[in-house]
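Structure, as structure tokens:
Protein chains: 2
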Amino acid sequence: SVNPDLASERQTASFSVEKLTALLDGGAEKTRIRRAVVKAIESDPVFSRENQYFQTQNERYEAAVRKAVHLQKKMHEMGWTENGPEYKYIYRALSGDVAFQLHRVFMRSISVLGSDKQIAKWIPLATQHQLIGSYAQTELGHGTYLQGLETTAVFDIATQEFILNTPKISAMKWWPGDMGRSATHTVVFAQLYIHGKCYGIHPFIVQIRSLQDHSLCPGITAGDIGPKMNFEHVDNGYLLLKNVRIPRENMLSKFCEVRPDGTYVRQGSQKINYFTMTTVRISLISDEVLTPLMKACTIAIRYSAVRRQSKLKPGEQEAKILDYQTQQEKLLPQLAAAYAFHFINDYLQELFDRGYREIQRTNFDMLPELHALSSGFKAVITHHCTAGVEICLRACGGHGYSLLSGLPSLYTKILASCIYEGENTILLLQTARFLIKCFMAARAGQPVPPSVTFLAAAKPGKCPAKSKLDFLSPDIYTEAYQHVAVRLISSTASKLQDLIQSGLKKYDAWNQCTVQLVQAAKAHCHYITVKNFAETVEKLETKAGIQRIMKHLCDLFALHGIFSNTGAFLHDGYISAAQMDMVTASYLDLLAVIRKDAVPLVDAFDFTDESLNSALGSYDGQVYQRLYEWAQKSPTNEMSPAYEKYLKPLLHNTLSKL
Amino acid sequence: SVNPDLASERQTASFSVEKLTALLDGGAEKTRIRRAVVKAIESDPVFSRENQYFQTQNERYEAAVRKAVHLQKKMHEMGWTENGPEYKYIYRALSGDVAFQLHRVFMRSISVLGSDKQIAKWIPLATQHQLIGSYAQTELGHGTYLQGLETTAVFDIATQEFILNTPKISAMKWWPGDMGRSATHTVVFAQLYIHGKCYGIHPFIVQIRSLQDHSLCPGITAGDIGPKMNFEHVDNGYLLLKNVRIPRENMLSKFCEVRPDGTYVRQGSQKINYFTMTTVRISLISDEVLTPLMKACTIAIRYSAVRRQSKLKPGEQEAKILDYQTQQEKLLPQLAAAYAFHFINDYLQELFDRGYREIQRTNFDMLPELHALSSGFKAVITHHCTAGVEICLRACGGHGYSLLSGLPSLYTKILASCIYEGENTILLLQTARFLIKCFMAARAGQPVPPSVTFLAAAKPGKCPAKSKLDFLSPDIYTEAYQHVAVRLISSTASKLQDLIQSGLKKYDAWNQCTVQLVQAAKAHCHYITVKNFAETVEKLETKAGIQRIMKHLCDLFALHGIFSNTGAFLHDGYISAAQMDMVTASYLDLLAVIRKDAVPLVDAFDFTDESLNSALGSYDGQVYQRLYEWAQKSPTNEMSPAYEKYLKPLLHNTLSKL
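Protein sequences, first through last, are from chains A and B.
Going by UniProt numbering, the letters in the first sequence line up with residues 1 to 658, in that order.
Going by UniProt numbering, the letters in the second sequence line up with residues 1 to 658, in that order.
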């Protein structure tokens, strides 16, 4: 039975939840397929996540391997294939708790970087799981800056082998997933040396464990890097190589080859390789970043509709905490952000599909723009969504702090997305570098990529809004975001030029502008997100109920951004103090409006109780019952040896003294 | 041997680290005592935290009980007493990983709320550990709002007993520390009923486990609430009471008594009780909030001095990440905040000691101010320090995400401080209520408490700064903070009055202002913190080296607050756009200045390697060596059953198909 406090929230929905779900999925047919996958996975006890919050790192790893192996069988049974429409829903249905993710990266890297011969040899072996692969790039002392990697691969003409070594401790491979315990092979990135000359970083296939008994191969030291903030199920590993010899054929050689006589040959274009790295940043947004925020919103908003605390009006019963303005101000902007980022993700996916088609036609013109956008949006979306999950966690008070709420693990997992696949600050600076370049070009009248043409038009001006209702006009706020983006890029470009003209070296000047460059890159991405949300809402015209609520969310997302960052808009007087008060008034009004549909808006995300795995967030809102039932299953309710060892002697010794 | 990249940072210190440590401790003699305590604890293997990151919740609990029991012995051995100068350093030296914290709260509540007779009976039993106590206030469905508690205690005249019950699931006691597994007794807060009439919440001593075999007493259901984000060592518990009978004498009766005939008598003043709750909020700041931030700064700054990444200048070796402006902008404001909050904590401690002396003389005049300040500062300091620890964690990239860095556990632990002892938003609204009241009084010419006299003086004006150097004047920035605090309180007071005059009920109007009231309360505390830091620096005049660097930190703290919150200062033009650019310039300049002393400034916190328990933060900076050594000890490097069960069949089945 559904908690009446939650049931009442659903009766007053202003729109069709089912239609909104279909919109999010990209059509009712996709919703159907997704639900079928979810049902098949969740009804299979092997995939159960029931005891997850009670498991040790070792148990989590074992479960992830079990699920990965069982998944092979399941896919066969269900007729799911890697190219079928079901595939993209499997990982989400498993909530990512499955091993051999890096095995797929191993395969992808061979497909992209390997010669036809290498692909023909290794891909079938990997597909049939005759080996388990990993991808060993990052080192203890080296991450983002690939040129700094220290692992060496020296070509030995005599034996036609590469000799791989870890010359010092900072060169140990560190972090590769699936490598700590599972992998038999890995792609090692190392500095290639021929006749004592360094040719830079190249990829090599290295076997690290026996296919017979899983023991480490000669010269290999490898293991697990130990406990992390999350990803307990992944065996992130270390790898130390000591005179490990591999045949010449194991250097992945689509773009570069070492001939038997030691001649180094570079062939083809590496640009497509560069593009692969940028697509990974876009592909992770949906499952790794948006889904956790949507889950956190679902949990926190449902909980806030059943939790009652203090009295809002004297004489009445305690109020739902969702009725407090401060609680709305915490949660509803996160809900709006989840929708905003869902739509910008659609936009980015489309852009990248188009880019990929162009690149296949060997047109590389879009690459700089795609790289800049993938970097900036990866950083901005992971940052916002991580902050959003944390806000949801805190907004649930003590119960949010219990692992049983599901929120701590959502938070500790999404946090990693700010670091992996490019640390966010470094990525934002890449976006900034692109923006500065485009800004200079645009101001010099040269052509610039489509997403930054707005930089060409200098618009000092003032915001024309005259009332708080004017700030519910997308033109008004989109223009304001654009203005701020241009101002920040323009003023930082000026500072950079001034510093260089005052005699500073270019790299010193750049470093002294980086704090402001990061701000400019963020403002740019924020502007594009608001603009895209507004344009998406515009196109929803026929579906009235849904367009109305999406318009409210778009307004909220935009006004929350201004309200939280007033200085950027006030700085040059584009928005005046009086107008800022209107923004605040409109923003606070919107909270009360959206609050009415808050529960239906999270219901539309369509998470099952199994996938939320939260005592606070279940569809029926029976929070206290579930917390109590789950707590009783905790291993901390077993008898502890601490009683016999310490408590009993303490209590009894003193008793005997009486 | 110390990593040369770290050693070089220490050679150029502009001040005496030892003198700064003494300043932080409150004198060289206190430093000596603290170090003696730390040494005694850390040299005792029973207190070791070495394997902490590898332990399960059950193991952590057992270790905490072991330490708590051993501590009794240790204190006896060392001659440490609860009133001695060493006592305050013990808990910090143990990093809080010790059981029976709630036993102390149990004792304190009896001392404060119990009659002389009750104190005489229970305190000796508790002191000698003939029982282990807990404190059962919070319920599954009830936290901050004490009147909402649902547990009942019905007086039965016939037997002269109270009958305690948990009438429904939301009334279960939930969260009390030491209660899940250890406690034999607890203080239960319950609604008192006599002859069917409710007299509100009262405290009762209830035995929950047998002193002989630790089994649950009749009518008691109790256990552990399961895994949390941290505090694995604490057995936070649940408690369900079914017709549990306790003698009439077990109601703590200093202030209220139930006579044998059922007459209810209220006696004495409860105001001192109210004061006890506010002092707890202040007392937790030092160990629970400041220490974690100082540790996080130590770890992240030392690591940033040895981690090299990318090239700042072409042709040179990779740069220390501490040399990047963006890294400085992440870490150095947190360092400044740690000092700022250290000094405001001193200020608050003094204020509360004075308040306590007044209250002992039955002068309760300071109570509202002390309550407002303790609420606001608890919220502001826990919020800032939690955010600061998170920034330090993220600033260490992947390695910060490893539990071995020590940063994840610092973060997941400090996060709880935003929730416990009063949820932060609720506390800020209490401060706001006080500020609004004082503002109205001040504007009406009535007297107000000393900390808010500034509210009386309306100062529209403009900031007089003319150059970026002017913003290094404490008068300039303190005045700016004061201006913003007054403006936010004043504008919210106006909004509140307008809403009420427009016909809204007072409670509705209040709810509609709460987002802004929270901002006003934060601005007030921020102002007081800046003012106090500036005044503290002023008094350091004789110790030149230290005053100079503290002045820089004070400037940085103040300017960072403006830079991060420009809108508040720009809104009414108090600071102009041109002046804000000066703030930014001064702020960024300061980063480069303080960067030079960053390592000595964290060295002054004087944490031992044992207390940091961090592979990244050790004094010698041998980061990679330590990460590798520690990872090898992880239980995830044991053989996993996953190989025999799943991996081997997978690899071998397919091998056999060939």
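A virtual CB, placed ideally from N, CA and C, is assigned to each residue, including glycine.
Please confirm whether A521 (chain A) and T431 (chain A) have their CB atoms less than 8 angstroms apart.
If you number the first sequence from 1, residue 521 (chain A) lands on position 521. If you number the first sequence from 1, residue 431 (chain A) lands on position 431. Contact flag set, yes.
> Where does M75 (chain A) sit, in a helix, a strand or coil, going by DSSP?
Replying inline: On the first sequence, position 75 is the one that residue 75 (chain A) refers to. In the three-state scheme derived from DSSP, where H, G and I count as helix and E and B as strand, M75 (chain A) is classed as helix.
Tell me which residue opens and which closes the beta strand (DSSP E) that G445 (chain B) is part of.
Against the second sequence, residue 445 (chain B) aligns to sequence position 445. Run containing G445 (chain B): none; DSSP gives neither H nor E here.
Check: From G223 (chain B) to L601 (chain A), what distance separates their C-alpha atoms?
Finding: Taking the second sequence and counting its residues from 1, the one referred to as residue 223 (chain B) is at position 223. Taking the first sequence and counting its residues from 1, the one referred to as residue 601 (chain A) is at position 601. Each residue's alpha carbon lies about 37 angstroms from the other.
Original post:
What residues from chain B crowd round R66 (chain A), counting only those whose CB sits closer than 9 angstroms?
Top reply: If you number the first sequence from 1, residue 66 (chain A) lands on position 66. Those are A642, K645, Y646, listed as they occur along chain B.
Item checked: Inter-stretch contact at 8 angstroms, needing at least 3 Cβ pairs: the stretch 604-615 of chain B / the stretch 42-55 of chain B -> yes
Would I225 (chain A) count as contacting chain B if we go by Cβ distances under 8 angstroms?
As a position in the first sequence, residue 225 (chain A) is number 225, starting the count at 1. Using a CB distance cut-off of 8 angstroms, I225 (chain A) counts as an interface residue toward chain B.
### Query
Going along the chain, which residues of the stretch 504-522 of chain A sit with their C-beta nearer than 7 angstroms to a C-beta in chain B?
If the cut-off is 7 angstroms between Cβ atoms, the stretch 504-522 of chain A has Y507, N511, Q512, T514, V515, V518 near chain B.
- Message: Suppose you measure from the CA of E288 (chain B) to the CA of S417 (chain B); what does that come to, to the nearest Å?
- Response: Within the second sequence, numbered from 1, the residue matching residue 288 (chain B) stands at position 288. Within the second sequence, numbered from 1, the residue matching residue 417 (chain B) stands at position 417. Counting only the Cα atoms, S417 (chain B) lies some 7 angstroms from E288 (chain B).
Q.
Under 8 angstroms, Cβ to Cβ, is there at least one residue of chain A near M107 (chain B)?
A. Reading the second sequence from its first residue, position 107 is the one you call residue 107 (chain B). Chain A contact via Cβ: absent.
For this session: Could you tell me which chain B residues have their CB closer than 7 angstroms to the CB of G180 (chain A), listed as they occur along the chain?
Result: Sequence index remark: in the first sequence, residue 180 (chain A) carries index 180 (1-based). At a C-beta separation below 7 angstroms, G180 (chain A) has these neighbours in chain B: T636.
M639 (chain A) versus D603 (chain A): straight-line alpha-carbon distance, rounded:
As a working note, residue 639 (chain A) is residue 639 in the first sequence. As a working note, residue 603 (chain A) is residue 603 in the first sequence. Spanning the two alpha carbons is a distance of roughly 40 angstroms.
| Taking the C-alpha atoms as reference points, what is the distance between S634 (chain B) and K197 (chain A)? | Start at 1 with the first residue of the second sequence, and residue 634 (chain B) comes out as number 634. Start at 1 with the first residue of the first sequence, and residue 197 (chain A) comes out as number 197. So the two alpha carbons sit approximately 39 angstroms from each other.
Practice item. Go ahead and label Y87 (chain B) buried or exposed: buried means 16 or more other beta carbons lie within 10 angstroms of its beta carbon, across all protein chains shown. Key: If you number the second sequence from 1, residue 87 (chain B) lands on position 87. Exposed, since its Cβ has fewer than 16 Cβ neighbours within 10 Å.
Reduced DSSP secondary structure (H/G/I, E/B, other) of M251 (chain B): Looking up residue 251 (chain B) in the second sequence gives position 251. Correct three-state label for M251 (chain B): strand.
Terminal residues of the alpha helix (DSSP H) in which E9 (chain A) lies:
In the first sequence, residue 9 (chain A) corresponds to position 9, counting from 1. Its alpha helix (DSSP H) spans residues 4-11.
Closer than 8 angstroms to chain A by CB, D597 (chain B): Here residue 597 (chain B) refers to the residue found at position 597 of the second sequence. Under the 8 angstroms criterion on CB atoms, D597 (chain B) is classed as non-interfacial with respect to chain A.
Check your understanding: Is the stretch 120-137 of chain A touching the stretch 157-171 of chain A, taking contact as three or more C-beta pairs under 8 angstroms?
Key -> no
Does G141 (chain A) come within less than 8 angstroms of chain B when only Cβ atoms are used? Position 141 of the first sequence, counting from 1, holds the residue named residue 141 (chain A). So yes, G141 (chain A) belongs to the interface.
*Use the C-beta contact count for N58 (chain A): other C-beta atoms within 10 angstroms, 16 or more gives buried, fewer gives exposed.*
Taking the first residue of the first sequence as 1, we reach residue 58 (chain A) at position 58. When all chains shown are included, N58 (chain A) counts as buried.
With 8 angstroms as the threshold, decide whether the Cβ of Q632 (chain A) is near any Cβ in chain B.
The count along the first sequence starts at 1 and reaches residue 632 (chain A) at position 632. With 8 angstroms as the cut-off, Q632 (chain A) counts as an interface residue toward chain B.
* To do: Put K228 (chain B) into one of helix, strand or coil per three-state DSSP.
  => For the purposes of this step, residue 228 (chain B) is taken as the residue at position 228 of the second sequence. Three-state result, K228 (chain B): strand.
Worksheet item: Mapping DSSP to helix, strand and coil, what is L312 (chain A)?
Response: Residue 312 (chain A) sits at position 312 when you count from the first residue of the first sequence. Residue state, collapsed to three classes: coil.
- Answer yes or no: does any C-beta atom of chain A fall closer than 8 angstroms to that of I123 (chain B)? Taking the second sequence and counting its residues from 1, one reaches residue 123 (chain B) at position 123. So no, I123 (chain B) is outside the interface.
Pull up the CB-CB distance for residue 737 (chain A) and L590 (chain A), whole angstroms please, since I reckon it's below 8 angstroms.
Any answer about residue 737 (chain A) is impossible in this case: the structure gives chain A only from 1 up to 658.
| Closer than 8 angstroms to chain B by CB, Q69 (chain A) | Locating residue 69 (chain A) in the first sequence gives position 69, counting from the first residue. What sits at residue 69 (chain A) in the sequence shown is Val, not Gln. V69 (chain A) counts as touching chain B.
Tell me where the beta strand (DSSP E) around G200 (chain B) begins and ends. Stepping through the second sequence from its first residue, residue 200 (chain B) is reached at position 200. Run containing G200 (chain B): 197-207, per the beta strand (DSSP E) assignment.
Return the bridge partner residues of T186 (chain B) from the DSSP annotation.
Counted from its first residue, the second sequence places residue 186 (chain B) at position 186. Per DSSP, B:S134, B:V206.
Helix, strand or coil for Y527 (chain B) per DSSP?
What you label residue 527 (chain B) is simply residue 527 of the second sequence in a count that begins at 1. Three-state result, Y527 (chain B): helix.
*Taking the alpha-carbon positions, what's the C438 (chain B) to A493 (chain B) distance?*
As a position in the second sequence, residue 438 (chain B) is number 438, starting the count at 1. As a position in the second sequence, residue 493 (chain B) is number 493, starting the count at 1. Whole-angstrom Cα-Cα distance: 11 angstroms.
Assigned secondary structure, Y53 (chain B) (DSSP; H/G/I helix, E/B strand, else coil): Here residue 53 (chain B) refers to the residue found at position 53 when the second sequence is read from its first residue. In the structure shown, Y53 (chain B) sits in a helix (DSSP, three-state: H, G or I).
- Query: chain B partners of Q309 (chain A), CB-CB under 8 angstroms?
  - Reply: Within the first sequence, numbered from 1, the residue matching residue 309 (chain A) stands at position 309. H142, G143, T144, Y145, G148, listed in chain order.
Check: Counting only beta-carbon atoms, is G398 (chain B) nearer than 8 angstroms to chain A?
Finding: Reading the second sequence from its first residue, position 398 is the one you call residue 398 (chain B). Closer than 8 angstroms: yes.
For L658 (chain B), which three-state DSSP category applies? Numbered from 1 along the second sequence, position 658 holds the residue referred to as residue 658 (chain B). Caution applies to L658 (chain B), whose pLDDT of 37 falls short of 50 and renders its modelled position unreliable; the model cannot decide the point.
Pull up the distance between the alpha-carbon of L32 (chain A) and that of G26 (chain A), whole angstroms please.
Walking along the first sequence from the start, residue 32 (chain A) turns up at place 32. Walking along the first sequence from the start, residue 26 (chain A) turns up at place 26. Correcting the residue type first, residue 32 (chain A) is Arg in the shown sequence and not Leu. One C-alpha to the other measures close to 11 angstroms.
Per DSSP, what kind of secondary structure is H214 (chain A) in: helix, strand or coil? As a working note, residue 214 (chain A) is residue 214 in the first sequence. It is coil, neither helix nor strand.
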